[in-house]
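Colleague: First the structure, then my questions, so here it is.
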Ligand code: F6P
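Residue numbers (our numbering): -5 to 313.
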């Protein structure tokens, strides 16, 4: 293998730049040429490909977002789009592709790999929802952003003796809501993985009030419902007045945490090694503090268990 390429795709995540840097530097260290594909799969179809040098990835390890830009590409979902992408890869003498992104990006790479092109995926999404890996790049930074926001909201919730409902991203996964809720001591956490009962939420709020608690924080994962919807339900069913805060895209920005920079560097470098070893259709991830690689098929064929223990603990600690 002489030349590889790297792209970032889907929702950006803090630490993507650190992963791009690792891919580029490790590839050059290993004597490979490395090209950057701009604007994700859409850019690949359009041939937005440039050779990168050591200096191309200087001064980015600490920056949020992605220097390669990103996109969601409906065209790549079609066979014609993927064949066009393959044409571009061949035209540029690229023999392997590193895809840095989330679930949709992995799916795209899996389809490309099925057409015979070696692809290695590096998990980067604030949602932490890729099967087979305990941590995705960006999750830790987003988590700290959410915790910081909850802490601030708690100040005003306490001062005004109010109940706040905070809506957290995560698509269909509750990791960001669960981890941030546990870390910030939220009284109630609603995640898609666990059924919720409105009367139980109300009982929890009332039992808090009963023992003198004047404020309360409810974290709701966007995969359950919106904070505004929950506010309407609480008002209608129990006359409970709340304030709503939707954290939104702020969760995707910011300088990556130390942890995200480290795992991005590890994952990116391992991706290059895997391509050099002649493997395709591979995902990089982490299990029990070790960087692993496993089949892309497993990402879609197997389901990780969700962290029920963490949820149970959050309930025990917020009685
Ligand atoms: O996958 C990352 C994510 O931020 C999700 O948490 C969220 O549901 C989605 O992307 C939002 O996507 P967009 O920025 O395209 O609206």
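Ideal Cβ placement from N, Cα and C applies to all residues, glycine included.
Treat the numbers as computed from the prediction; the structure is a model and nothing was measured.
Assuming contact is defined by CB atoms lying nearer than 8 Å, are residue 147 and residue 212 in contact in what I supplied?
Modeller: For the purposes of this step, residue 147 is taken as residue 153 along the chain shown, with counting starting at 1. For the purposes of this step, residue 212 is taken as residue 218 along the chain shown, with counting starting at 1. Contact flag unset, no.
Colleague: For the ligand F6P, is there any heavy atom lying closer than 7 Å to the beta carbon of residue 5?
Modeller: Residue 5 sits at position 11 when you count from the first residue of the chain shown. At least one heavy atom of the ligand F6P is nearer than 7 Å to the Cβ of residue 5, so yes.
Colleague: Roughly how many angstroms lie between the CA atoms of residue 20 and residue 270, to the nearest whole one?
Modeller: If you number the chain shown from 1, residue 20 lands on position 26. If you number the chain shown from 1, residue 270 lands on position 276. Using only the alpha carbons, I get a separation of about 11 Å.
Colleague: If you reduce the DSSP assignment to three classes, tell me which class residue 236 lands in.
Modeller: Taking the chain shown and counting its residues from 1, the one referred to as residue 236 is at position 242. Residue 236 falls in the strand class under three-state DSSP.
Colleague: Can you grab the Cα-Cα spacing for the pair residue 4 / residue 117, in whole Å?
Modeller: Translated into the one-based positions of the chain shown, residue 4 becomes position 10. Translated into the one-based positions of the chain shown, residue 117 becomes position 123. Cα to Cα, residue 4 sits roughly 11 Å from residue 117.
Colleague: Given a threshold of 16 other Cβ atoms within 10 Å of its Cβ, counted over all protein chains shown, does residue 231 qualify as buried or as exposed?
Modeller: Counting from 1 along the chain shown, the entry for residue 231 is found at position 237. Residue 231 is exposed by the Cβ-count criterion.
Colleague: With a threshold of 7 Å, establish whether the CB of residue 142 neighbours any heavy atom of the ligand F6P.
Modeller: On the chain shown, position 148 is the one that residue 142 refers to. No, the Cβ of residue 142 stays beyond 7 Å of every heavy atom of the ligand F6P.
Colleague: Measuring from the CB of residue 119, is there a heavy atom of the ligand F6P at a distance below 7 Å?
Modeller: Position 125 of the chain shown holds residue 119. The answer is yes for residue 119.
Colleague: If we count the other Cβ atoms within 10 Å of its Cβ and call it buried at 16 or more, is residue 255 buried or exposed?
Modeller: For this step, residue 255 is matched to residue 261 along the chain shown. Residue 255 is buried by the Cβ-count criterion.
Colleague: Throw me the rounded Cβ distance for the residue 107 and residue 290 pair, which I believe falls under 8 Å.
Modeller: The sequence position of residue 107 within the chain shown is 113, counting from 1. The sequence position of residue 290 within the chain shown is 296, counting from 1. Indeed, because the Cβ distance is near 6 Å, the residues count as touching under 8 Å.
Colleague: Mind checking who residue 205 pairs with in its DSSP beta bridge?
Modeller: Reading the chain shown from its first residue, position 211 is the one you call residue 205. Its beta-bridge partners do not exist; DSSP assigns none.
Colleague: Just checking residue 246 against the ligand F6P - is the residue's beta carbon closer than 7 Å to any of the ligand's heavy atoms?
Modeller: Numbered from 1 along the chain shown, position 252 holds the residue referred to as residue 246. Yes, the ligand F6P has a heavy atom inside 7 Å of this Cβ.
Colleague: Roughly how many angstroms separate the alpha carbons of residue 27 and residue 62, rounded to a whole number?
Modeller: Within the chain shown, the letter at position 33 stands for residue 27. Within the chain shown, the letter at position 68 stands for residue 62. Their backbone Cα atoms lie some 17 Å apart in a straight line.
Colleague: Applying the 10 Å Cβ sphere with the 16-neighbour rule, what's the burial state of residue 297?
Modeller: For this step, residue 297 is matched to residue 303 along the chain shown. Exposed, by the Cβ-count rule.
Colleague: Taking one C-beta from the region 168 to 177 and one from the region 201 to 217 each time, how about it: are there three or more such pairs within less than 8 Å?
Modeller: These segments touch.
Colleague: By DSSP, does residue 190 sit in helix, in strand, or in coil?
Modeller: Taking the chain shown and counting its residues from 1, one reaches residue 190 at position 196. Residue state, collapsed to three classes: coil.
Colleague: With burial defined as no fewer than 16 other Cβ atoms inside 10 Å of the residue's Cβ, what is the status of residue 233: buried or exposed?
Modeller: For the purposes of this step, residue 233 is identified with residue 239 of the chain shown, where counting begins at 1. Result: exposed.
Colleague: Which one of 209, 188 and 242 has the shortest CA to CA distance from residue 156?
Modeller: Position 162 of the chain shown, counted from the start, is the residue given in the question as residue 156. For the residues 209, 188 and 242, the minimum Cα distance to residue 156 belongs to 209.
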